[in-house]
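The numbering of the sequence shown is full-length UniProt numbering, which starts it at 1 and goes up by one.
C-beta: ideal position from N, C-alpha, C; glycine also.
Heads up, the thing below is written out as structure tokens.
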Amino acid sequence: MSEVKKPPRLQRQGLLFSSRKRKRSPSPANEPTIPHNPQSPEKKTIKTSILILSDTHGHSALPSQLPENLHLDAVIHCGDLSQCGEIEDYKRTLDLLKAIPASIKLVIPGNHDLSLDPAFPTHSSPTFTTTEREDLYAQALELWTSPSVREAGIILLDPGFQTFTLSNGANLRIYTTPYTPCPPTVSTSECAFGHPSSHDIYNPPGSGIWYSTPSGTPQTLILDDKRGRVDVLISHGPPRYRLDRTEEGENVGCKNIWRAVRRCRPRVHAFGHVHAGNGVDRVRWKEEGEECLPRDDDIDDGIEEVKKVDGRIAEGGVRLVEAKGIRKGKETLFVNAALMGDEVLERTPWVVEIELERAKVK
Numbered sequence: 001m002s003e004v005k006k007p008p009r010l011q012r013q014g015l016l017f018s019s020r021k022r023k024r025s026p027s028p029a030n031e032p033t034i035p036h037n038p039q040s041p042e043k044k045t046i047k048t049s050i051l052i053l054s055d056t057h058g059h060s061a062l063p064s065q066l067p068e069n070l071h072l073d074a075v076i077h078c079g080d081l082s083q084c085g086e087i088e089d090y091k092r093t094l095d096l097l098k099a100i101p102a103s104i105k106l107v108i109p110g111n112h113d114l115s116l117d118p119a120f121p122t123h124s125s126p127t128f129t130t131t132e133r134e135d136l137y138a139q140a141l142e143l144w145t146s147p148s149v150r151e152a153g154i155i156l157l158d159p160g161f162q163t164f165t166l167s168n169g170a171n172l173r174i175y176t177t178p179y180t181p182c183p184p185t186v187s188t189s190e191c192a193f194g195h196p197s198s199h200d201i202y203n204p205p206g207s208g209i210w211y212s213t214p215s216g217t218p219q220t221l222i223l224d225d226k227r228g229r230v231d232v233l234i235s236h237g238p239p240r241y242r243l244d245r246t247e248e249g250e251n252v253g254c255k256n257i258w259r260a261v262r263r264c265r266p267r268v269h270a271f272g273h274v275h276a277g278n279g280v281d282r283v284r285w286k287e288e289g290e291e292c293l294p295r296d297d298d299i300d301d302g303i304e305e306v307k308k309v310d311g312r313i314a315e316g317g318v319r320l321v322e323a324k325g326i327r328k329g330k331e332t333l334f335v336n337a338a339l340m341g342d343e344v345l346e347r348t349p350w351v352v353e354i355e356l357e358r359a360k361v362k
């Protein structure tokens, strides 16, 4: 569960190449040399800046004003848009998102966003009747999918794989999951998008850890053909052993999503949930053939090297991280973007600069 204290209101329960060298025809002596233009249409990738944040819990403004000269191509919010799913909290979060200068803002819910969980109407609650839960879910969904929200570029994402063509001409390939495993002592009805921690919704049978029960659906499963083909994996909660340590020193991340990340190796994994874990790690994976998937995962399994990334503090309220050198299928940048501190937003949002493939012109 997230670390924010439960407020008294709205109480919860619980392409092939020939190897033969070809001779080039000599160029005419008078043929001019055309200098390489890194921004020419022939360039296959485009520099893209993505602001990543999470766990704003109904606040209407970021901790600090963004720099006026900050250029953003996309925003990603990794969930916990509210305290407990209140409509007024969502409205304040929408105000926060609308104030960020980017043409597209991709959003997933978190475990606190009860009224955005399709299962919410069926949860038992001493606070609401079934009809009241149905109405609150309908109101929340209507708000987040309203024309004014869509016009602001804000998109509430369904779980699974999607590709977006950004305004800069780049393709952003993502996988999203709002699901968070619940500890054995917590009922799945006490948190949004909760599921038993023993249920593996990400890995196909035979590729997960031995003691988890395969429970994936076509939406949630991450198959082997996705390896190196995901730009940003967006989850609410962290993977086990990566920026998932609580203030008490306990690693509470999900082992099943850690196994899935090891398998598919996204370029960036963005998440939140554990407020004390805010930070960035750069992981270099072992080469093909050097790693094998054990029956269980330990903290350094499959990893060649881990580097803590501090980023560069820009003038204003962001911390910049250059991920242009992140190699597909070789490295992953892990970003815990939780902003919540001691009941207030006090951490600096992360801006990740990454090279994305240029979208094909149809």
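Please list the terminal residues of the continuous alpha helix (DSSP H) segment that includes R133. Segment 130-144, the alpha helix (DSSP H) holding R133.
Item to complete: Output the distance between the C-alpha atoms of D224 and T127, rounded to the nearest integer angstrom.
Response: Going from the Cα of D224 to the Cα of T127 covers about 44 Å.
Practice prompt. Check H59 in the structure and name its three-state DSSP category.
Written response: coil
Which word fits S25, buried or exposed, when buried means at least 16 other C-beta atoms lie within 10 angstroms of its C-beta? Caution is warranted here: a pLDDT of 42 is assigned to S25, below 50, making its placement in the model unreliable, and no coordinate value can be reported.
Segment contact flag, the stretch 193-202 with the stretch 129-139, C-beta cutoff 8 Å, min 3 pairs: Touching, no, given that fewer than three Cβ pairs across the two stretches are closer than 8 Å.
| field | Buried/exposed call for Q219, threshold 16 Cβ in 10 Å | value | exposed
Q.
Using CA atoms only, rank isn't needed, just tell me which of S189, I104, D89 is closest to Y179.
A. S189
_Give the list of continuous beta strand (DSSP E) stretches no shorter than 3 residues that lie fully inside the stretch 213-250._
232-235
Q) Cα-Cα, which of G153, R319, K43 is closest to P63? A) When only C-alpha atoms are compared, the closest one is R319.
Looking at C-beta atoms only, is the number of pairs between the stretch 324-343 and the stretch 52-63 that lie closer than 8 Å three or more?
-> yes
**Request:** Indicate the three-state DSSP secondary structure (helix, strand or coil) for V309 in the structure shown.
**Result:** strand
Looking only at its own chain, which residues have a Cβ that is under 8 Å from the Cβ of W258, when we skip the five neighbours before and after it? P239, R240, Y241, R242, D297
query: Is H123 closer than 7 Å to S82 when the C-beta atoms are compared?
result: The Cβ atoms of S82 and H123 lie no closer than 7 Å to each other.
Give a yes or no on whether the C-beta atoms belonging to R227 and R262 are separated by under 7 Å.
no
*State whether the stretch 151-166 contacts the stretch 101-121, with contact taken as three or more CB pairs (one from each stretch) at a distance under 8 Å.*
Taking a cut-off of 8 Å on C-beta distances, the stretch 151-166 touches the stretch 101-121, as three or more cross pairs fall below it.
So what does DSSP say about W285, is it helix, strand or coil?
-> strand
ask   = DSSP state of C264, grouped into three classes?
value = helix
key: According to DSSP, residues forming a beta bridge with N171   = T165
So, I76 versus A270, is the Cβ gap smaller than 7 Å?
yes
Check: In terms of residues, what are the limits of the alpha helix (DSSP H) holding K91?
Finding: 87-98
Going by the beta-carbon positions, is the gap between D231 and R267 smaller than 7 Å?
-> Against a cut-off of 7 Å, the Cβ pair of R267 and D231 comes out as a contact.
*What residues in its chain sit with their C-beta under 6 Å from that of R282, if we drop five residues either side in the sequence?*
These residues qualify, in order along the chain: K307, V309, L333.
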